[in-house]
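Notes follow once the structure below has been shown.
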Amino acid sequence: MPNESLDKYISTNQEGIPLLSWQRKYDIILGVARGIEYLHRGCDVRIFHFDIKPHNIPLDENFIPKISDFGLANLYLTDNSIVNLTAARGTIGYVAPIDQQKHWSNLLQS
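Residue numbers (numbering that gives the first Met the number 0): 0 to 109.
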């Protein structure tokens, strides 16, 4: 991707990296949210990514975000209204706190 990934723009201290305007940040956030909504509700099957993080959000030449790295993704039938997850997945630091808490609680009980 021409603008590499979102993680390049998170830190404002990098030389040669332009600061993103608030409008551009908003557009990127909205694009990622719409992408996640599409994966969860717009496909024939639900796709749960499990590893959304700045490194996995490449930006095209117009800073339109894409979602990449589906290595941890799972597919679920759309007629299942409830999905039961038993273990935390993803990169440490980006896993939802509630999932991390469940994971460590299960390890301590074992």
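Backbone N, C-alpha and C fix where the C-beta goes; we use that ideal spot for every residue, glycine too.
Candidates the options: closest to residue i by CA position
{"i": "Y25", "options": "H48, Q13, I63", "result": "I63"}
{"i": "G15", "options": "Q22, W21, L38, N2", "result": "N2"}
{"i": "I51", "options": "D78, G70, S20", "result": "G70"}
{"i": "E36", "options": "R23, I66, N61", "result": "I66"}
Close Cβ partners of residue i (< 7 Å) along its chain, the five nearest in sequence each way excluded
{"i": "A72", "result": "I46, F47, H48, F49"}
{"i": "Y75", "result": "V44, R45, F47, V82"}
{"i": "D78", "result": "none"}
Beta-carbon gap between residue i and residue j smaller than 8 Å
{"i": "I56", "j": "V31", "result": "yes"}
{"i": "D6", "j": "H39", "result": "no"}
{"i": "D59", "j": "M0", "result": "yes"}
Sequence-distant residues of the same chain with beta carbon closer than 6 Å to residue i, five excluded per side
{"i": "I27", "result": "P64"}
{"i": "G34", "result": "I66"}
Close-in-space but distant-in-sequence residues of the same chain around residue i (CB under 8 Å, 5 per side omitted)
{"i": "Q13", "result": "K7"}
{"i": "R23", "result": "F62"}
Complete runs of the beta strand (DSSP E) confined to the segment 5-82 [at least 3 residues]
44-47, 73-76
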